[in-house]
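Residue numbers (the UniProt record's numbering): 1 to 146.
Given below as structure tokens:
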């Protein structure tokens, strides 16, 4: 296991929001995508892809972490306990059918890219929401502003 002394990507982005260059943000996206591709190749369903779960190594390379909700034996799984995962990262099919898949990890990666490029000090979509509010919001096809 590698030590990641620079902490989470979320903390880094909050601390360096005006100093983080576009090329650095792009590198974070590419390295996160590479990590997610590796997990998919290993058929590992992560279920909690987010900036808070991406760590920066000694050389500031992205490392996906926190495999507490993951499953390396299935590429799809039904789970009725949505309370464990922050709803803003959940794909619409997870909200509606409680069905996680590698595709729902890709959706969460899209939200991760939004975190990387948006001013992360703002709350997602400018408000806190309950699971039912988030479900209505996602169903309305309105998307967060960048």
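We put the beta carbon where it would ideally sit given N, CA and C, even for glycine.
Here DSSP, grouped into helix, strand and coil, assigns residue 102 to helix. Residue burial annotation: residue 35 is buried, with at least 16 other C-beta atoms found within 10 angstroms of its C-beta. The distance from the Cβ of residue 54 to that of residue 63 is about 7 angstroms, consistent with a contact at the 8 angstroms cut-off.
Here the alpha carbons of residue 45 and residue 101 stand approximately 7 angstroms from one another. Close CB contacts of residue 49 within its chain, under the 6 angstroms cut and outside five residues either way in sequence, are with 105, 108, 109, 112 (chain order). Linking residue 27 to residue 21 through their CA atoms gives a straight-line distance of about 10 angstroms. In terms of CA proximity to residue 115, 89 leads the group 89, 61, 95, 103. Secondary structure note for residue 44: it is in no beta strand (DSSP E), with a DSSP letter that is neither H nor E.
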